[in-house]
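Below you'll find the structure, written out as structure tokens, and then a few comments.
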């Protein structure tokens with residue numbers, strides 16, 4: 119990396135053009151990199167200190183551009199953009215792929231019995247609620263009571279959809295039953311995200327011009343933003359939860375797969391992971407964050 123005139127480096131400027139899908143994709147691949155989730159807190163705090171000194175215009179001599187980019191990557195993956203607080207590991211963007219693949223793999227594997235469906239849908243909604251809470255907009259505070267109500271409503275929606283459809287699909291083709299977890303996840307997202315962010319819908323979100331000057335608050339912008347989050351969350355889950363059941367349905371007809379039923383769970387977790395490594399950044403990139 120090359121040494122820079124230290125005052126010229128804008129650490130908060132996007133590294134890639136955020137008005138294009140590919141630019142956003144590179145950005146989200148960068149901050150959802152699950153390798154950063156295993157770094158110790160001390161390494162993350164070092165990165166934060168470097169980012170903050172760069173913002174203040176005093177970069178340690180000999181620091182390269184590459185080191186600054188990496189520090190910003192760690193900072194974006196582990197610290198809250200509004201408050202600068204270190205986020206709990208489960209709520210971080212870098213944990214979305216490992217957390218999501220474990221839970222989704224289990225939802226797809228254990229879809230036959232009601233207790234298993236109830237348990238894994240509950241685990242998934244708890245994970246979602248924690249992610250949403252961790253990444254909440256600090257300017258629109260939400261009370262613990264509102265979080266509780268949103269969590270209970272989303273979990274109830276997921277369970278009602280999953281259990282209801284499970285009973286309904288008893289007579290349907292086997293593949294339809296395998297798609298029930300996706301229907302449950304999609305319907306819960308439609309309830310969970312708007313409820314977790316109800317303050318933004320009720321009060322509007324701050325709208326700024328391209329120079330960052332506040333123009334006021336807009337409820338329309340809040341609804342548009344939250345709708346986009348719901349769409350991107352469902353898009354994130356869709357390929358794995360729709361295509362994988364078709365693949366597993368085919369694979370389970372083979373003798374060798376019938377001999378290794380104990381590996382079906384781990385196989386699904388790995389395959390979901392392969393989908394999510396691409397789908398998490400792709401779904402986050404669907405819409406520009408500023409429009």
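Numbering (this note's numbering), first residue to last: 119 to 409.
Cβ coordinates follow ideal geometry from the N, Cα and C atoms, glycine included.
Exercise. Taking C-alpha atoms, which residue in 368, 359 and 188 lies nearest to residue 164?
Worked result: In the chain shown, counting from the first residue as 1, residue 164 sits at position 46. It is 188 whose Cα lies nearest to the Cα of residue 164.
Exercise. Skipping 5 residues on each side, what residues in its chain have a beta carbon closer than 7 Å to that of residue 375?
Worked result: Along the chain shown, one-based indexing puts residue 375 at 257. The answer, listed in chain order, is 369.
Problem set entry | Terminal residues of the beta strand (DSSP E) in which residue 129 lies | Within the chain shown, numbered from 1, the residue matching residue 129 stands at position 11. It is not in any beta strand (DSSP E) - residue 129 carries neither H nor E in the DSSP assignment.
Problem set entry | Same chain, Cβ closer than 8 Å to residue 120, five either side skipped, listed in chain order | Here residue 120 is taken as the residue at index 2 of the chain shown, counted from 1. Residue placement at residue 120 is flagged as unreliable, the pLDDT there being 49, under the threshold of 50; the coordinate-derived value follows with that caveat. Apart from sequence neighbours up to five positions away, the residues of its chain that approach residue 120 with a beta-carbon distance below 8 Å are 182 and 183, ordered along the chain.
Exercise. What separation, rounded to the nearest whole angstrom, lies between the Cα atoms of residue 364 and residue 403?
Worked result: Numbered from its first residue, the chain shown carries residue 364 at position 246. Numbered from its first residue, the chain shown carries residue 403 at position 285. When rounded, the separation of the alpha-carbon atoms in residue 364 and residue 403 is 26 Å.
Exercise. Can you tell me where the beta strand (DSSP E) with residue 361 in it begins and where it stops?
Worked result: Taking the first residue of the chain shown as position 1, residue 361 is located at position 243. Segment 337–369 is the alpha helix (DSSP H) holding residue 361; no beta strand (DSSP E) there.
Exercise. Got a sec, what are the start and stop residues for the alpha helix (DSSP H) residue 252 sits in?
Worked result: Working through the chain shown from its first residue, we reach residue 252 at position 134. 232–252 is the span of the alpha helix (DSSP H), which, as asked, contains residue 252.
Problem set entry | residue 315, DSSP secondary structure in three states | The residue labelled residue 315 in the question sits at position 197 within the chain shown. Note: residue 315 maps to coil in three-state DSSP.
For this session: Please confirm whether residue 302 and residue 271 have their CB atoms less than 8 Å apart.
Result: As a working note, residue 302 is residue 184 in the chain shown. As a working note, residue 271 is residue 153 in the chain shown. With a cutoff of 8 Å on beta-carbon distance, residue 302 and residue 271 are scored as not near each other.
Problem set entry | Contacts around residue 232, its chain only, beta-carbon distance under 7 Å, and the 5 residues preceding and following it disregarded | For this step, residue 232 is matched to residue 114 along the chain shown. Excluding residues within five positions, the ones whose Cβ falls inside 7 Å are 281 and 284.
For this session: Using a threshold of 8 Å, state whether the C-beta atoms of residue 406 and residue 214 are closer than that.
Result: As a first step, residue 406 must be located in the chain shown, where it is residue number 288. As a first step, residue 214 must be located in the chain shown, where it is residue number 96. In this structure, residue 214 does not lie closer than 8 Å to residue 406 by Cβ.
For this session: Out of 151, 177, 195 and 180, point me to the one whose CA is closest to residue 162's CA.
Result: Taking the first residue of the chain shown as position 1, residue 162 is located at position 44. Answer by Cα proximity: 195.
For this session: State whether the stretch 386–404 contacts the stretch 235–245, with contact taken as three or more CB pairs (one from each stretch) at a distance under 8 Å.
Result: Touching, no.
Exercise. Taking the alpha helix (DSSP H) that residue 294 falls in, what are its first and last residues?
Worked result: The sequence position of residue 294 within the chain shown is 176, counting from 1. 292–296 is the extent of the alpha helix (DSSP H) around residue 294.
Problem set entry | Cα-Cα separation, residue 244 to residue 169 | Counting from 1 along the chain shown, the entry for residue 244 is found at position 126. Counting from 1 along the chain shown, the entry for residue 169 is found at position 51. In this structure, the straight-line span from the alpha carbon of residue 244 to that of residue 169 is close to 32 Å.
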